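2 protein chains.
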Amino acid sequence: MSNDPIILYDIPSKAPGCAWSPNTWKTRYALNFKGLAYKTVWIEYPDIEDLCKKIGAEPTGTRKNGAPYYSLPVIHDPKTGAIVSDSVRIADYLDTTYSDTPRIIPAGTHTLQKAFQVAYDQATDPSVRQYIIPAVAKILRPKSAEHYVRTREESFGMKLVDVVPTGEAHNTVWKQVEEGFGKVDRWMTEGPNNGAPFVMGDSPTFTDFMIAGEMHWFMTGFGEDSDLFTDMMRWHGGRWAKLLENLKKYEGPAEKMPE
Amino acid sequence: MSNDPIILYDIPSKAPGCAWSPNTWKTRYALNFKGLAYKTVWIEYPDIEDLCKKIGAEPTGTRKNGAPYYSLPVIHDPKTGAIVSDSVRIADYLDTTYSDTPRIIPAGTHTLQKAFQVAYDQATDPSVRQYIIPAVAKILRPKSAEHYVRTREESFGMKLVDVVPTGEAHNTVWKQVEEGFGKVDRWMTEGPNNGAPFVMGDSPTFTDFMIAGEMHWFMTGFGEDSDLFTDMMRWHGGRWAKLLENLKKYEGPAEKMPE
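From first to last, the protein sequence lines stand for chains A and B.
Once you know that position 174 of the first sequence is 174 in this note's numbering, the rest is easy, because the numbers rise by one and skip nothing.
For this note's numbering, count along the second sequence from 1 and bump the result up by 259.
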């Protein structure tokens with residue numbers, strides 16, 4: 001038992017604020033939303049598996065070859081000794097352990113929030129990943145970048161530079177990205193929560209942290225002043241820009257990678 | 260203003276109980292769950308558009324040629340004079356108008372329930388529709404069957420008899436159907452609601468009525484004693500059979516098509 005802050009394991013970048021991963025942003029938001037003290041420990045991509053095995057963090061999936069797959073976020077809570085991986089399981093752990101703080105996943109909505117993430121990924125991921133995966137390669141530090149480029153090029157089956165749509169293909173695919181986010185926008189506008197700042201109304205929940213985490217991914221990957229990110233912030237009446245603004249108070253202090 | 264029961268417009272079939280459509284089942288469950296008096300008026304497929312135009316029911320979509328698309332369920336509530344189409348909008352209407360009855364869509368969950376339906380359809384629909392669309396053609400009455408077969412064959416671009424997977428293809432596609440429902444099952448089991456009878460816990464909501472409505476579609480389309488339906492009822496620890504059982508009290512009395 002200890003009163004030391006919770007450790008959040010995250011992947012560093014060269015971007016301002018260092019944090020960039022949509023998955024770890026979900027946990028970062030959640031910790032700040034609950035007002036829990038935490039500190040970030042930065043782990044480069046090739047070191048994630050060794051870290052997880054060393055501290056006993058469970059894998060979050062299975063590789064094609066059947067081997068366990070380890071990923072961040074992982075938290076270590078010195079107060080209970082718990083080591084928890086996967087942003088949804090971390091949210092469940094924090095909601096249960098710190099039951100006097102606002103819930104990340106309100107009672108009864110766990111399955112619905114899970115399904116939202118599935119539907120969101122299907123609507124947006126196949127098109128936007130052609131832009132964001134190559135973009136992230138450029139903001140990672142050398143040790144992570146080498147690992148990231150190699151594994152992602154294996155996954156795409158081509159050089160990352162060839163993944164990014166250009167010319168006519170860009171017009172088509174970027175339109176698909178906008179239409180994908182347009183679907184998500186419509187799930188929010190077609191109903192009684194239309195006009196509310198968050199998916200469930202006046203208070204943010206896991207789904208809002210997930211979407212805002214994706215927006216941080218685009219902001220750091222494309223660059224805050226890039227044409228792509230500027231486009232996104234204009235789409236759908238500025239919905240995604242407003243979401244980032246509404247969640248700004250839960251971003252926590254800007255992080256800095258130790259030299 | 261009138262105290263006459265709500266009219267539920269539904270599409271008849273030759274199957275026992277007459278009701279078969281997954282979409283109208285959502286509203287049928289909702290009305291019974293709320294304990295609201297209603298009576299069914301049966302409308303054959305080719306008469307849906309004329310009915311909607313005559314009573315002023317809004318279209319629920321747009322055809323490829325740009326024309327409005329009309330579908331059931333539609334309700335007419337004599338108490339308020341309201342005519343409402345689309346099962347989600349009907350649920351919203353009933354929750355708002357009959358606010359002293361249990362909510363179909365609990366506060367704040369509208370967008371999440373919408374996303375669940377999107378994710379569910381993507382997980383299950385592309386595979387299972389190859390079986391269920393041709394099966395439904397056989398249980399409709401002649402007037403609807405002619406319209407249904409013609410429009411669905413246009414949509415598939417082939418005869419319905421050629422849509423159904425057979426031989427090796429059946430083994431592959433039916434496995435995909437099971438895996439699709441397996442995804443939905445996992446959204447429910449991977450979380451704190453595991454073991455609860457319904458998606459949100461102890462009380463059913465729109466999502467449960469949606470899934471159970473689909474199960475009625477399979478039960479009437481394939482036949483209650485068919486191999487396909489028997490398979491489905493065994494899948495995932497009997498989850499879908501249990502759901503139907505848990506919602507039996509909200510099915511209402513067995514319906515009968517007037518001669």
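Every residue, glycine too, gets a C-beta built ideally from N, C-alpha and C.
This one's a predicted model, so the numbers in the text were calculated from it and none came from an experiment.
- Put simply, the CB of A119 of chain A is near chain B, with a gap under 8 Å to one of its CB atoms.
- By the C-beta criterion, the segment 487-506 of chain B is judged to be in contact with the segment 455-473 of chain B, since at least 3 inter-stretch pairs fall below 8 Å.
- Here the alpha carbon of R28 of chain A sits roughly 44 Å from the alpha carbon of N291 of chain B.
- Between Y70 of chain A and P59 of chain A, the C-beta gap is smaller than 8 Å, which places the two residues in contact.
- For F229 of chain A, not one C-beta of chain B is nearer than 8 Å to its own C-beta.
- Burial is judged here by how many other beta carbons sit within 10 angstroms of a residue's own beta carbon; N23 of chain A has at least 16 and is buried.
- Non-local C-beta neighbours of Y9 of chain A in its own chain, meaning closer than 6 Å and more than five positions away in sequence, comprise V41, I43, L72 and V74, ordered along the chain.
- Annotation: Cβ neighbours of T207 of chain A in chain B (cutoff 9 Å, chain order): T370, L371 and A374.
- With fewer than 16 other beta carbons inside 10 angstroms of its own, A513 of chain B counts as exposed.
- Using a Cβ distance threshold of 8 Å, W476 of chain B and W279 of chain B count as a contacting pair.
- Around the C-beta of K515 of chain B, fewer than 16 other C-beta atoms lie within 10 Å, and the residue is accordingly described as exposed.
- The contact set of M188 of chain A on chain B, defined by CB atoms closer than 7 Å, consists of T370 in chain order.
- Contact between the segment 429-445 of chain B and the segment 489-499 of chain B is established, with three or more Cβ pairs separated by less than 8 Å.
- In the three-state scheme derived from DSSP, where H, G and I count as helix and E and B as strand, L419 of chain B is classed as helix.
- In summary, M158 of chain A is exposed, with fewer than 16 beta-carbon neighbours lying within 10 Å of its beta-carbon over all protein chains present.
- Residue-level contact check: P451 of chain B touches chain A, since one or more beta carbons of chain A fall below 8 Å from its beta carbon.
- Fully enclosed alpha helix (DSSP H) runs of no fewer than 4 residues occupy 281-293 of the segment 272-303 of chain B, in order along the chain.
- Runs of the alpha helix (DSSP H) spanning 4 or more residues and lying entirely within the segment 198-242 of chain A occur at 206-222, in chain order.
- At the C-beta level, D444 of chain B and R498 of chain B come within 8 Å of one another.
- A contact between stretches requires three or more CB pairs, one per stretch, nearer than 8 Å, and the segment 47-54 of chain A fails this requirement with the segment 115-132 of chain A.
- Under DSSP, T321 of chain B shares a beta bridge with B:P327.
- Within chain A, no residue has its CB atom less than 7 Å from the CB of G441 of chain B, the nearest being about 13 Å off.
- It is roughly 9 Å from the alpha-carbon of A382 of chain B to the alpha-carbon of G441 of chain B.
- At least 8 Å separates the beta-carbon of Q372 of chain B from that of T448 of chain B.
- Assignment of Y357 of chain B by DSSP, reduced to helix, strand and coil, places it in the coil class.
- Within the segment 79-95 of chain A, the residues whose Cβ lies closer than 7 Å to any Cβ of chain B are, in chain order, D92.
- Within the same chain, Cβ atoms closer than 8 Å to the Cβ of P165 of chain A are found at Q130, Y131, T172, V173 and W174, the five residues on either side in sequence being excluded.
- Spatial neighbours of R103 of chain A in its own chain (CB-CB distance under 6 Å, excluding positions within 5 residues in sequence) are listed in chain order as D95.
- For a Cβ distance threshold of 8 Å, nothing in chain A lies close to Q389 of chain B: the least Cβ distance comes to about 20 Å.
- Listed by position along chain B, the residues whose Cβ is nearer than 8 Å to that of V173 of chain A form an empty set, because the closest Cβ is around 20 Å away.
- Contacts between G472 of chain B and chain A, judged by CB atoms closer than 7 Å, are missing: the closest CB pair is about 17 Å apart.
- Contact note: G460 of chain B reaches chain A through A107 and G108, using a C-beta cutoff of 9 Å and chain order.
- Judged by DSSP secondary structure, Y268 of chain B falls within the beta strand (DSSP E) whose first and last residues are I265 to D269.
- Burial is judged here by how many other beta carbons sit within 10 angstroms of a residue's own beta carbon; T207 of chain A has at least 16 and is buried.
- Around the C-beta of D486 of chain B, fewer than 16 other C-beta atoms lie within 10 Å, and the residue is accordingly described as exposed.
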